[in-house]
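The next block holds one structure in the form of structure tokens; read it before the comments.
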Amino acid sequence: MRRISWMLAMVLVLSTLLAACGKKDAAAVVKDLNEVVGEMESYQGAGVMTLHTGDTPQQYKVEVWHQKPSYYRIALTNAKKDVTQIVLRNDEGVFVLTPSQNKSFRFQSNWPDNQGQVYLYETLIRSITGDSTRQFADEKESYVFDVAANYNTHALVRQKIWLNKSDYAPKQVEVSDSNANVVVDVKFDSFKFGTEFEKDAFDMQRNMTAASENGGKGGTGTGAGAAPAGEGKETTNPQAATEEGSASNPSGTVSDGQTGVSDNAEQQGSENPASGQGTEEPTSAEPEGSDSFGVIQPTYAPEGVKLKDDQIVEGSGDYSVMLRYEGTYNYTIFEARPQDRAVSLAPSRVLDLGFTLGMISGDALQTLTWMSDGVEYRITSADLPDNEMIQIATSMQEESGK
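Note that the numbering used here has the sequence shown beginning at 160, numbered continuously upward.
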């Protein structure tokens with residue numbers, strides 16, 4: 160009996176030692192993550208991002224493509240409106256594309272090296288390896304890290320990252336504010352390392368054309384290793400898919416965020432709209448031939464700020480709206496649907512709005528510019544902080560014109 164008990168005890172001890180040897184601590188996982196990133200050539204991921212920044216959560220389908228050394232393609236599709244924006248980085252610079260409206264911003268930036276997004280693998284791993292106070296948990300199928308958030312906004316403080324044990328692919332990310340409320344949640348449906356992309360997968364013109372061929376929705380890709388939708392078809396000028404007189408840019412031009420000069424020298428409206436200055440005059444009637452979208456008011460305003468007035472303004476024949484706010488901060492919101500001109504920006508830096516990238520230009524007087532559903536938005540202020548601009552912009556996403 161004693162012999163049997165002794166043998167059983169030895170079996171239990173050996174089982175415990177073997178189980179312990181199979182487990183990894185935080186240091187071992189961090190070492191592996193550094194090796195994964197160092198050897199990584201490409202990846203493709205897809206999932207759903209939910210923004211909990213307003214009264215109603217906003218969901219976006221997210222697809223991320225990356226190829227060394229610095230090629231990126233991120234497709235963000237508004238699940239409710241079925242409209243896609245594409246953030247693209249290639250040798251020509253960084254682009255923000257709205258294919259359904261045939262609109263493009265282009266600017267020079269080292270994004271995402273200086274400011275990553277929650278759905279980028281490198282950003283998540285940098286957050287883990289760079290936080291010496293990280294918390295670690297070993298769950299059944301995942302390694303879970305609780306680390307500091309680093310997204311250039313004071314509103315996001317902590318993030319919880321789930322990684323697949325088998326290959327360290329991301330499974331879920333939750334980013335929280337100072338009150339431990341989840342602000343951004345990303346759930347990955349798929350993630351694959353070593354994806355082989357088509358030669359022109361990160362080409363701006365190709366992405367605009369493929370989206371037009373896909374019904375103007377700019378939907379996400381066609382599967383692992385595939386180029387943008389429309390594979391096998393000859394690349395054409397994206398403006399060919401735009402009907403005359405639509406709200407899209409009929410010239411198919413791309414604006415240059417650094418020089419503020421359109422690629423098309425004959426394009427009208429080459430003035431710099433981001434400066435908040437120009438020849439815009441208040442008017443009580445909509446400009447002739449304009450495409451009205453009403454007045455889109457943000458549901459969020461900083462404490463101590465009130466709407467002073469709103470007016471229809473006339474600028475280059477486009478229907479435009481101006482809203483002025485005053486109080487703790489003073490700022491102006493411009494809304495326009497450009498019809499026959501490229502949108503030009505002064506030298507700018509990137510600001511992550513969650514649902515897209517915005518561009519901030521100016522020094523003492525700063526202007527945040529972004530596009531959504533064919534409408535160009537600009538917030539101009541001398542004292543409004545970046546995090547307040549983000550909250551205002553986000554609160555306008557689900558609003559319709561009044």
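In this text, a Cβ means the ideal position worked out from N, Cα and C, and glycines have one as well.
As the structure is a prediction and not an experimental result, all values here were calculated from the model.
State the Cα-Cα distance for the pair residue i and residue j, rounded to the nearest angstrom.
| i | j | result |
| --- | --- | --- |
| Ile320 | Tyr278 | 11 Å |
| Tyr230 | Val207 | 22 Å |
| Lys346 | Lys330 | 6 Å |
| Thr368 | Phe254 | 15 Å |
| Asp191 | Asp290 | 16 Å |
| Ala328 | Leu322 | 5 Å |
| Thr243 | Ser263 | 13 Å |
| Ser286 | Gln274 | 12 Å |
| Ala460 | Glu281 | 33 Å |
| Ala234 | Leu256 | 9 Å |
| Phe295 | Asn261 | 45 Å |
| Met363 | Thr312 | 29 Å |
| Arg537 | Glu333 | 29 Å |
| Asp241 | Pro258 | 12 Å |
| Ser479 | Val472 | 5 Å |
| Ala523 | Gln470 | 25 Å |
| Ser325 | Gln525 | 46 Å |
| Arg496 | Leu283 | 36 Å |
| Tyr468 | Val188 | According to the sequence displayed, residue 468 carries Asp and not Tyr. Distance between the alpha carbons of Asp468 and Val188 is about 55 Å. |
| Ile245 | Ala339 | 30 Å |
| Pro397 | Glu357 | In this prediction, Pro397 has a pLDDT of 31, which is less than 50 and means its spatial position is unreliable; nothing more can be read from the coordinates. |
| Glu462 | Phe266 | 33 Å |
| Ile549 | Asp359 | 33 Å |
| Pro228 | Met481 | 42 Å |
| Ala552 | Glu251 | 28 Å |
| Glu222 | Gln276 | 12 Å |
Give the C-beta separation of residue i and residue j to the nearest angstrom, bearing in mind that I take them to be a contact with Cβ-Cβ under 8 Å.
| i | j | result |
| --- | --- | --- |
| Ser554 | Thr458 | 4 Å |
| Trp529 | Gly517 | 4 Å |
Does the distance from the C-beta atom of residue i to that of residue j stay below 8 Å?
| i | j | result |
| --- | --- | --- |
| Thr515 | Ser540 | no |
| Tyr148 | Leu512 | Residue coverage of the chain in this structure runs from 160 to 561, which leaves residue 148 outside it and unanswerable. |
| Ile455 | Glu494 | yes |
| Tyr488 | Glu547 | yes |
| Gly204 | Ser349 | yes |
| Arg293 | Phe304 | yes |
| Val341 | His211 | yes |
| Arg193 | Thr288 | One point to set straight first is that residue 193 is Asn, not Arg, in the sequence displayed. Yes, the Cβ-Cβ distance between Asn193 and Thr288 is below 8 Å. |
Within a Cβ cutoff of 7 Å, which residues of the same chain sit near residue i, ignoring the five residues on either side of it in sequence?
| i | result |
| --- | --- |
| Met199 | Phe352 |
| Ala238 | Gln218, Tyr219, Lys220 |
| Gln556 | Gln217, Phe514, Ser531 |
| Val195 | Tyr327 |
| Asp542 | Tyr488, Asn489 |
| Ser507 | Phe266, Gly416, Met518, Ile519, Ser520 |
Kindly indicate which three-state DSSP category residue i falls into: helix, strand or coil?
| i | result |
| --- | --- |
| Met555 | coil |
| Leu235 | strand |
| Val188 | helix |
| Asp297 | strand |
| Glu494 | strand |
| Ile455 | coil |
| Val534 | strand |
| Pro228 | coil |
| Gly486 | strand |
| Tyr267 | First, the amino acid is wrong: residue 267 is Gln here, not Tyr. Of the three classes helix, strand and coil, the one that applies to Gln267 here is coil, per DSSP. |
| Glu281 | helix |
| Gln525 | strand |
| Met199 | coil |
Excluding the 5 residues flanking residue i on each side, which residues of the same chain have their C-beta closer than 6 Å to its C-beta?
| i | result |
| --- | --- |
| Glu270 | Before going on, a small fix: residue 270 reads as Trp here, not Glu. So the list reads Val253, Val509, once near-sequence residues are dropped. |
| Ala314 | Asp336, Asn546 |
| Thr209 | Pro216, Gln218, Asp344 |
| Asp214 | none |
| Val464 | Tyr484, Gly486, Thr487, Tyr488 |
| Gly569 | With the chain running from 160 to 561 in the structure shown, residue 569 is simply not present. |
Once the 5 residues before and after residue i are set aside, which same chain residues still bring their CB inside 8 Å of it?
| i | result |
| --- | --- |
| Ser361 | Note on identity: in this sequence residue 361 is Phe, with Ser being the wrong assignment. Only Trp224, Gln226, Tyr230, Tyr231, Arg232, Leu247, Arg248, Asn249 meet the Cβ criterion. |
| Lys182 | Asp297 |
| Ala308 | Ser286, Leu315, Val316, Arg317, Gln318, Val334, Ser335 |
| Ala185 | Arg293, Phe295, Phe304 |
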